[in-house]
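Engineer: Residue numbering for the sequence shown is 29 to 156, as defined by our numbering. Glycine residues also receive a C-beta, built at the ideal position from the N, C-alpha and C atoms. One structure coming up, written as structure tokens, with questions to follow.
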Amino acid sequence: PDIVTLMIGVNDIHGEISATEFKKNYEEILRRLSSETKAKIYVVSIPFIGSDNLLLPPYNYYFDAKTKEYNKIVLALTNKYHLKYIDLYTQTESLFKEAGPHYSADFFHPSAEGYKIWSDLIYADITN
């Protein structure tokens, strides 16, 4: 491929994969992509997921803290491999904290509108 976008981690957080295991797995992915392809690699942060209708206190605080912790790992590894980091979390946090048409019926997964928001932000970063 000429371009690779990598956005993984939400399921690791919600599946309670340890930060150590997450880092090990993520680094292996970046190492292989960097060494086995000539692609331009864009690493996308773990987005904020979970509207106020889905994650009530204290779970909303817990998952948000875990997302921030794992994003620090993602950013550090992105820098280690000299790749481009796209901060989707910061760009969409306030919107995705609230229920709305950007969520599917489960209030966890984005709707087509939510994915369009993400894709537009990612595309804008790739083309700049």
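So what's Leu61 in DSSP terms, helix, strand or just coil?
Structural biologist: Walking along the sequence shown from the start, residue 61 turns up at place 33. Leu61 falls in the helix class under three-state DSSP.
Engineer: Kindly list the residues whose CB is nearer than 7 Å to the CB of Ala142, restricted to its own chain and excluding five residues on each side of it in sequence; keep chain order.
Structural biologist: Here residue 142 is taken as the residue at index 114 of the sequence shown, counted from 1. Residue 142 is actually Gly in this sequence, not Ala. Cβ within range, chain order: His130 and Tyr131.
Engineer: Could you give the distance in angstroms between the alpha-carbon of Lys108 and the alpha-carbon of Leu61?
Structural biologist: Locating residue 108 in the sequence shown gives position 80, where the first residue counts as 1. Locating residue 61 in the sequence shown gives position 33, where the first residue counts as 1. C-alpha separation (whole angstroms): 13 Å.
Engineer: Using the DSSP secondary-structure output, state which residues sit across from Leu34 in a beta bridge.
Structural biologist: Along the sequence shown, read from residue 1 onward, the residue named residue 34 stands at position 6. Beta-bridge pairing links Leu34 to Val71.
Engineer: Does the stretch 35-53 touch the stretch 95-103, meaning 3 or more C-beta pairs lie closer than 8 Å?
Structural biologist: yes
Engineer: So, does the stretch 114-125 touch the stretch 72-79, judging by three or more C-beta pairs under 8 Å?
Structural biologist: yes
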